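Residue numbers (our numbering): 1 to 393.
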Amino acid sequence: MPVYSRADIQFERGQGAYLFDSEGRRYLDFASGIAVTSLGHCHPVLVAALTEQANKLWHTSNLFRITGQEKLAARLTALTFADTVFFTNSGVEAWECGVKLIRKHFYSKGQPEKNRIVVIEGAFHGRTLGAISASKAEKMVKGFGPLLDGFDQVAFGNLNELRAAITPQTAAINIEPILGEGGIKAATVEYMKALRQIADEFGLLLFFDEIQCGVGRTGKLFAHEWAGVTPDVMCVAKAIGGGFPLGACLATEVAASGMIAGTHGSTYGGNPLAMAVGLASLNVISQPDFLENVQVQGKALHAALEGMVARHPAIFAEVRGVGLMLGLRCAESVVNLDVVNALRHRGMLSVGAAENVIRLLPPLIIGEAEIVEAVRILDNTAAELTAAAATLA
Ligand SMILES: *Cc1c(COP(=O)(O)O)cnc(C)c1O
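1) In this structure, does DSSP put Gln153 in helix, strand or coil?
2) Going by alpha carbons, who is nearest to Asp152 out of Gly214, Gly143, Val254 and Thr170?
3) Classify Val234 as helix, strand or coil using the three-state DSSP reduction.
4) Regarding Glu181 and ligand 1, is the C-beta to nearest heavy atom distance less than 7 Å?
5) Taking only runs of the alpha helix (DSSP H) that begin and end inside the segment 35 to 102, which ones reach a length of at least 4 residues, in chain order?
6) Can you give the beta carbon distance from Leu282 to Arg75, rounded, assuming they're within the 8 Å contact cut?
7) Restricting to Cα atoms, I'd like to know which of Ala239, Val141 and Ala256 is closest to Ile34.
8) For Ala131, report the span of its alpha helix (DSSP H) as first-last.
9) Do Ala374 and Met348 come within 8 Å of each other at the CB atom, strictly closer than that value?
10) Look up Asn356 in the DSSP assignment and say whether it is helix, strand or coil.
11) Do Ala248 and Val92 have their beta-carbon atoms positioned less than 8 Å apart in this structure?
12) From Ala303 to Tyr27, what distance separates their C-alpha atoms?
13) Hey, quick one: how far does the alpha helix (DSSP H) through Met140 stretch, first residue to last?
14) Please identify the residue among Asn356, His345, Val340 and Arg311 whose C-alpha is closest to the C-alpha of Ser333.
15) Give me the residue from Asp29, Ala7, Ala82 and Ile371 with the minimum Cα distance to Arg13.
16) Would a check of beta-carbon distances place Ala194 closer than 8 Å to chain B?
17) Apart from the five residues just before and just after Phe244, which ones in its own chain have a Cβ nearer than 6 Å to its Cβ?
18) Ala251: which of Ala94, Glu23 and Arg25 sits nearest, CA to CA?
19) Out of Met259, Ala255, Asp289 and Gly367, which has the shortest C-alpha to C-alpha gap to Tyr398?
20) Contact check, Leu221 vs Val215 under 8 Å by CB: the rounded distance?
21) Is Trp226 a contact residue of ligand 1, with contact defined as CB to any heavy atom under 7 Å?
22) Please list the terminal residues of the continuous alpha helix (DSSP H) segment that includes Leu221.
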């Protein structure tokens, strides 16, 4: 179905931060498949984990114990606030698991009326009926009604609106600590702390969507760690599979108290292949040295981008983001997707986002050489676009 506006390029292979198309052209991949291939393409540790598992066992169903699930869940719970994990094949399934878990939590406590979730305007949680109902964005929901009830939107960063939206029916607050599709907008530490405090004050569950900002992207294993608060529920996907379809819903024992045998499930969720890759990628990304390096490279890239933006005020207005989850807001007269296309023509991949932002989501393995190359391509592209605009005027 023609639901994507695809660029006319077919990639044949990838190596580290680079992709090669069918004509042999090389591209610097600062999109990472939208924050997925965080260890770059064909990382030897992931290739080894996948091929080793492929020669042993692919699938058994969840009617049996799955060793890889037990191992990956043990790692995830050891590394986070969570006590328990449900594995999925995608981000939105992990998010939906979180929504079901929240509703079931209050149902099991004898408060079935507590089934509404406060969500953030401009947030993105995926494309199922549930997730588009939470987003309410015109381009995602138009023609797909009736939508699912139970989501109340408030503006990002606005605590007065949030407090006013809470009713006796409110069960939870759901937020991306850094809005990805929404334009690389990071919640401040104070806002994150206030969300935890309000959730506690009103007896709500706090539900973070770290599908894009989690798993090392910001230089901490999870973005909420920067604020020193923990959620009760969190959905994770994208980078944890490094390109293999894998998601996870993490929760505290208390939050997940309603999720008993028979209440939820998935045929493929947590299958041995995904678990092998997930364990391997988490083992690499969770190393303190690895995360420290993401912070170092993120700062270097951020600083270099600040300089680049200052050199091209006709094209770029602002650098946003944390770690290697960065965004460039384009100047008002510039269309972000035109910049994404121009960069691609010069051999660099980026991704558009809301608020006229282009997202730079390089693999977390980049170093100085890739940063220098990216900034050179950005400089050249911006100069070319500035000259083209001058000619038109
Ligand atoms: C990508 C994304 C999703 C949806 O993940 P899928 O794997 O496409 O279902 C949900 N939330 C956020 C924040 C995302 O970036």
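Ideal placement from N, C-alpha and C gives every residue a C-beta, glycine not left out. Here the structure is a predicted model, which is why all the values come from computation and not from measurement.
Walking through what the data contain:
1) Counted from its first residue, the sequence shown places residue 153 at position 153. Three-state DSSP puts Gln153 in a strand.
2) Here residue 152 is taken as the residue at index 152 of the sequence shown, counted from 1. Residue Thr170 is the option with its Cα nearest to Asp152.
3) Along the sequence shown, read from residue 1 onward, the residue named residue 234 stands at position 234. Looking at the sequence provided, one finds Met at residue 234 rather than Val. Strand.
4) Reading the sequence shown from its first residue, position 181 is the one you call residue 181. Checking every heavy atom of ligand 1 against the Cβ of Glu181, one is found closer than 7 Å.
5) Secondary structure in the segment 35 to 102: the alpha helix (DSSP H) runs of 4 residues or longer, each lying completely within the stretch, are 44 to 54 and 67 to 79 in chain order.
6) Your numbering for residue 282 matches position 282 in the sequence shown. Your numbering for residue 75 matches position 75 in the sequence shown. Yes, Leu282 and Arg75 are in contact; Cβ-Cβ is about 6 Å, under 8 Å.
7) Numbered from 1 along the sequence shown, position 34 holds the residue referred to as residue 34. Among Ala239, Val141 and Ala256, the Cα nearest to that of Ile34 is on Ala239.
8) Taking the first residue of the sequence shown as position 1, residue 131 is located at position 131. Element bounds for Ala131: Leu129 to Ser135.
9) Here residue 348 is taken as the residue at index 348 of the sequence shown, counted from 1. Here residue 374 is taken as the residue at index 374 of the sequence shown, counted from 1. Against a cut-off of 8 Å, the Cβ pair of Ala374 and Met348 comes out as a contact.
10) Position 356 of the sequence shown holds residue 356. In the structure shown, Asn356 falls within a coil segment according to DSSP collapsed to helix, strand and coil.
11) On the sequence shown, residue 92 is found 92 positions in, with the first residue counted as 1. On the sequence shown, residue 248 is found 248 positions in, with the first residue counted as 1. Taking 8 Å as the Cβ cut-off, Val92 and Ala248 do not qualify as a contacting pair.
12) Counted from its first residue, the sequence shown places residue 303 at position 303. Counted from its first residue, the sequence shown places residue 27 at position 27. Each residue's Cα considered, the two are about 23 Å apart.
13) Here residue 140 corresponds to residue number 140 of the sequence shown, with the count starting at 1. That run of the alpha helix (DSSP H) goes Glu138 to Val141.
14) Counting from one through the sequence shown, the residue named residue 333 turns up at place 333. Across the set Asn356, His345, Val340 and Arg311, the C-alpha of Asn356 shows the shortest separation from the C-alpha of Ser333.
15) Numbered from its first residue, the sequence shown carries residue 13 at position 13. Looking at the Cα atoms, Asp29 is the closest of the given residues.
16) Within the model displayed, chain B is absent; a lone protein chain is all it includes.
17) Taking the sequence shown and counting its residues from 1, the one referred to as residue 244 is at position 244. Here the set comprises Ala274 and Val277.
18) Within the sequence shown, residue 251 is the residue found at index 251, counting from 1. Ranking Ala94, Glu23 and Arg25 by Cα distance to Ala251 puts Ala94 first.
19) The requested residue 398 does not occur in the structure, where the chain is confined to residues 1 to 393.
20) Sequence index remark: in the sequence shown, residue 221 carries index 221 (1-based). Sequence index remark: in the sequence shown, residue 215 carries index 215 (1-based). Yes, they are in contact, since the Cβ atoms of Leu221 and Val215 sit about 7 Å apart, within 8 Å.
21) For the purposes of this step, residue 226 is taken as residue 226 along the sequence shown, with counting starting at 1. No, ligand 1 has no heavy atom inside 7 Å of this Cβ.
22) Against the sequence shown, residue 221 aligns to sequence position 221. Element bounds for Leu221: n/a, residue is neither H nor E.
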